[in-house]
Amino acid sequence: MTMEEMSGLNVGAERIDAQKTLVCDGFQQTYYMNGSHFEIIPPPELGEGSCRSLLSRGSVQLTDFNLMFTRDMDASGEIRTPRTELVFCLGEGIEWGTSLEGSTFRIDTGEMALLHGGERGENCRYHRNAGYRFLSMDMSPEHYDRLTAALSGDERLRSREGKDTLFAKSRITPAIRPILAQIAECSYGPGIRELYLEGKMLELFAVYLNESLYQEEKVPGAVRLSKEDMQCLHLARTILQRDYVNPPTLAGLARLICLNEFKLKKGFKEMFGSTVHAYVIELRLQQAYRLLCEGGLSVSETAYRVGYGNVSHFAAAFRKRFGTSPGEYAMASRRQDSAAARQ
Numbered sequence: 003m004t005m006e007e008m009s010g011l012n013v014g015a016e017r018i019d020a021q022k023t024l025v026c027d028g029f030q031q032t033y034y035m036n037g038s039h040f041e042i043i044p045p046p047e048l049g050e051g052s053c054r055s056l057l058s059r060g061s062v063q064l065t066d067f068n069l070m071f072t073r074d075m076d077a078s079g080e081i082r083t084p085r086t087e088l089v090f091c092l093g094e095g096i097e098w099g100t101s102l103e104g105s106t107f108r109i110d111t112g113e114m115a116l117l118h119g120g121e122r123g124e125n126c127r128y129h130r131n132a133g134y135r136f137l138s139m140d141m142s143p144e145h146y147d148r149l150t151a152a153l154s155g156d157e158r159l160r161s162r163e164g165k166d167t168l169f170a171k172s173r174i175t176p177a178i179r180p181i182l183a184q185i186a187e188c189s190y191g192p193g194i195r196e197l198y199l200e201g202k203m204l205e206l207f208a209v210y211l212n213e214s215l216y217q218e219e220k221v222p223g224a225v226r227l228s229k230e231d232m233q234c235l236h237l238a239r240t241i242l243q244r245d246y247v248n249p250p251t252l253a254g255l256a257r258l259i260c261l262n263e264f265k266l267k268k269g270f271k272e273m274f275g276s277t278v279h280a281y282v283i284e285l286r287l288q289q290a291y292r293l294l295c296e297g298g299l300s301v302s303e304t305a306y307r308v309g310y311g312n313v314s315h316f317a318a319a320f321r322k323r324f325g326t327s328p329g330e331y332a333m334a335s336r337r338q339d340s341a342a343a344r345q
């Protein structure tokens with residue numbers, strides 16, 4: 003299913019029919035697909051990226067919206083059933099109008115928002131060459147109530163402020179950023195992937211509730227990051243993902259992304275929940291795990307392949323991360339492969 007098949011487009015500012023594709027706020031998914039997975043890809047002449055469901059579980063859906071349009075796009079439509087949405091803005095911010103009282107909402111880079119609302123019309127404009135990235139957790143109000151049933155009456159009231167319609171916005175906290183990164187970087191295959199994402203989705207919601215209900219427990223001393231700083235830090239992560247075998251020094255990485263070392267160290271930890279060094283180690287160990295699972299390389303060859311010069315250091319780090327030595331894991335993987343081949 004492509005956006006081209008599902009959209010009615012006009013000359014000038016293109017128009018998306020939100021009742022068939024995306025609703026206008028840029029991060030709510032199609033509500034008329036009965037919870038099934040979907041992916042919407044624009045034709046090349048309109049833009050690049052996709053809007054896709056990462057997980058569908060009954061009345062809950064996790065959606066990744068990552069799109070950049072080549073021209074201004076107007077979108078409008080109707081939400082026909084009450085929904086509760088938890089949205090995280092990881093790219094350009096967006097503003098949208100609704101038929102609800104208060105009419106206009108906005109979410110900006112690095113913000114998260116909880117929206118409770120009933121039936122409503124919505125409209126917005128996506129601007130050309132703006133990189134929109136949202137992760138949304140969407141559920142029915144009934145499911146929201148089930149998830150929060152264990153909270154005290156006062157806490158439940160605070161989580162919704164006692165309103166039938168609510169738009170509550172705050173900054174994405176350091177505790178939430180690593181969960182978002184883990185969801186985005188999930189590399190598990192079918193079956194395990196769904197289990198992993200379902201657990202992460204519940205973890206994300208629980209941490210959000212804790213952060214929003216108990217603001218006084220936020221981590222002190224967080225560094226203030228501008229939108230440009232965040233873009234630089236995302237670039238730093240991309241560089242490390244590419245060059246984790248032979249990564250640049252901290253000073254070298256800071257020069258590459260045009261940030262000072264202090265902001266790189268503090269900002270990276272705040273955004274991704276890990277130090278730069280720990281992130282490189284995690285990338286190496288995850289790749290080693292995959293290589294040992296595939297077979298064909300010895301433990302020492304695997305260690306050198308992922309950037310370790312000392313095999314004993316690699317073995318110690320692997321055991322600490324996965325609870326078993328790389329040799330034991332490799333043998334267990336070979337036994338499983340042999341058993342599968344005999345069946």
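In this text, residue positions in the sequence shown follow the working numbering: the first is 3, and each later residue adds one.
Quick reminder that beta carbons are idealized off the backbone N, C-alpha and C, glycines included.
Straight-line Cα distance separating residue j from residue i
i      : j      : result
Ala186 : Val278 : 18 Å
Thr240 : Pro249 : 11 Å
His145 : Phe136 : 22 Å
Tyr291 : Arg244 : 17 Å
Gln59  : Ala77  : A quick correction: the sequence has Arg, not Gln, at residue 59. Answer to the nearest angstrom: the Cα atoms are 27 Å apart.
Phe207 : Leu57  : 14 Å
Glu330 : Phe316 : 14 Å
Cys91  : Gly51  : 16 Å
Ser276 : Pro180 : 8 Å
Gly79  : Gly191 : 35 Å
Residue i, DSSP secondary structure in three states
i      : result
Glu121 : coil
Ala132 : coil
Leu48  : coil
Thr83  : coil
Phe107 : strand
Glu187 : coil
Phe274 : helix
Ser300 : coil
Ala152 : coil
Phe40  : coil
Glu94  : coil
Asp140 : strand
Ala170 : strand
Glu205 : helix
Ala334 : helix
Leu197 : helix
Ser58  : strand
Val308 : coil
Distance between beta carbons of residue j and residue i, contact taken as under 8 Å
i      : j      : result
Thr2   : Pro143 : No information on residue 2 is available, as it lies outside the stretch 3 to 345 that the chain covers here.
Tyr134 : Gly99  : With a Cβ gap of about 17 Å, Tyr134 and Gly99 do not count as contacting.
Thr72  : Arg148 : Not quite, the Cβ-Cβ distance comes to about 42 Å (not below 8 Å), so this is no contact.
Element boundaries [alpha helix (DSSP H), containing residue i]
i      : result
Gly254 : 252–259
Val62  : No alpha helix (DSSP H) holds Val62; the beta strand (DSSP E) holding it covers 62–71.
Ala317 : 313–324
N-terminal and C-terminal residue of the beta strand (DSSP E) that residue i is part of
i      : result
Thr240 : Segment 229–245 is the alpha helix (DSSP H) holding Thr240; no beta strand (DSSP E) there.
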